[in-house]
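What follows is a single structure, written as structure tokens, with notes after it.
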Amino acid sequence: MNVLLITGASRGIGAATARLAASRGYAVAVKYRANRQAADRVVVDIEQDGGTAVALGADVTREEEIVRLFEAVERELGPVTALVNNAGIVDQQMRVEEMTLERLERMFATNVFGAILCAREAVRRMSTRHGGRGGAIVNVSSAAARLGSPGEYVDYAASKGAIDTFTIGLAKEVAAEGIRVNGVRPGIIDTESHAAGGEPGRIERIAPTLPLQRAGTVDEVAAAILWLLSDEASYITGTLLDIAGGR
Ligand code: NAP
0 MNVLLITGAS RGIGAATARL AASRGYAVAV KYRANRQAAD RVVVDIEQDG GTAVALGADV
60 TREEEIVRLF EAVERELGPV TALVNNAGIV DQQMRVEEMT LERLERMFAT NVFGAILCAR
120 EAVRRMSTRH GGRGGAIVNV SSAAARLGSP GEYVDYAASK GAIDTFTIGL AKEVAAEGIR
180 VNGVRPGIID TESHAAGGEP GRIERIAPTL PLQRAGTVDE VAAAILWLLS DEASYITGTL
240 LDIAGGR
């Protein structure tokens with residue numbers, strides 16, 4: 000059975016990806032940080048639809064928790080064959096000259112180091128070099144990586160730029176070992192994360208200015224992620240797919 004670990008799957012894009020993946024036959028590890036109740040709800044929904052899922056807690060800024068997470072997935076569902084590096088944060092909108100080191104460390108620890116360490120654990124299990132059977136990784140980046148997010152969160156955009164470069168490099172490094180690595184770059188997607196940036200009305204402000212004139216849905220992002228993980232995308236690696244309504 001294909002075993003898929005999704006970080007940040009308690010809500011938003013991660014939760015939608017977990018539900019869709021389970022409906023397509025993956026056994027899904029729903030990883031949350033703080034919100035166990037929300038992760039449990041995702042698992043119950045999946046089980047009620049006849050799927051297999053387990054909720055597992057870990058903070059991706061803590062290496063030892065990531066290592067334990069992969070061991071727990073293996074124990075509960077089997078070795079990971081697919082990983083979606085989705086956990087990510089923004090912070091209050093502000094200009095660069097106001098940013099503290101503490102903010103930058105939190106942003107990069109979550110969005111960059113967490114994703115790289117999860118990929119490390121996945122490669123150790125998937126790579127034919129280590130006796131694995133191959134696999135697929137999708138990193139959730141952002142259109143911010145190419146737009147830069149001036150006046151909002153340039154640090155966030157820079158962290159996603161790092162994820163894009165990491166995606167390209169890792170894809171080439173492990174291509175001959177049975178692992179494909181791709182990234183998605185969502186634009187404005189309707190989730191709670193915009194409120195975390197201090198502007199709950201951000202979607203209403205920006206959506207009318209987009210070529211497709213609306214925000215995207217979590218299901219639209221999940222569909223693209225699942226396609227990149229699937230054999231239908233078997234000749235695609237090192238690719239960054241924009242899901243941004245033409246932005
Ligand atoms: P969201 O609704 O804010 O959910 C974020 C998820 O990440 C939650 O499940 C949260 O877990 C988890 N998380 C945060 N910090 C974590 C940590 N240190 N360790 C482990 N898990 C952690 O986010 P979203 O809008 O669905 O975004 C998901 C991804 O898409 C992010 O990487 C984001 O940058 C990217 N993205 C989103 C948009 C958008 O418009 N929404 C656009 C472009 C890119 P808890 O709930 O347990 O805290």
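Everything in the sequence shown is counted per numbering that gives the first Met the number 0, starting at 0 for the first residue and increasing by one. Cβ atoms here follow ideal geometry from the backbone N, Cα and C, with glycine treated the same way.
- In this chain, the beta strand (DSSP E) harbouring Arg184 covers Ile178 to Pro185.
- In summary, Ala223 is buried, with 16 or more beta-carbon neighbours lying within 10 Å of its beta-carbon over all protein chains present.
- Of the heavy atoms belonging to ligand 1, none sits nearer than 7 Å to the Cβ of Glu172.
- Straight through space, the alpha carbons of Val220 and Leu116 are spaced by roughly 23 Å.
- Put simply, the region 130-150 touches the region 160-175. At least three CB pairs are less than 8 Å apart.
- Using a Cβ distance threshold of 8 Å, Ile12 and Pro185 count as a contacting pair.
- Under DSSP, Ile65 takes part in no beta bridge, so it has no partner.
- Beyond the five residues adjoining it in sequence on each side, Arg246 comes within less than 7 Å, by CB distance, of Ala142, Gly186, Leu209 and Pro210 in the same chain, given in chain order.
- In the structure shown, Tyr234 adopts coil according to DSSP, grouped into three states.
- Not one heavy atom of ligand 1 is found less than 7 Å from the C-beta of Asp241.
- Taken from the Cβ of Val95, every heavy atom of ligand 1 lies 7 Å or farther away.
- Per DSSP, Ile188 is not a residue of any beta strand (DSSP E), being assigned neither H nor E.
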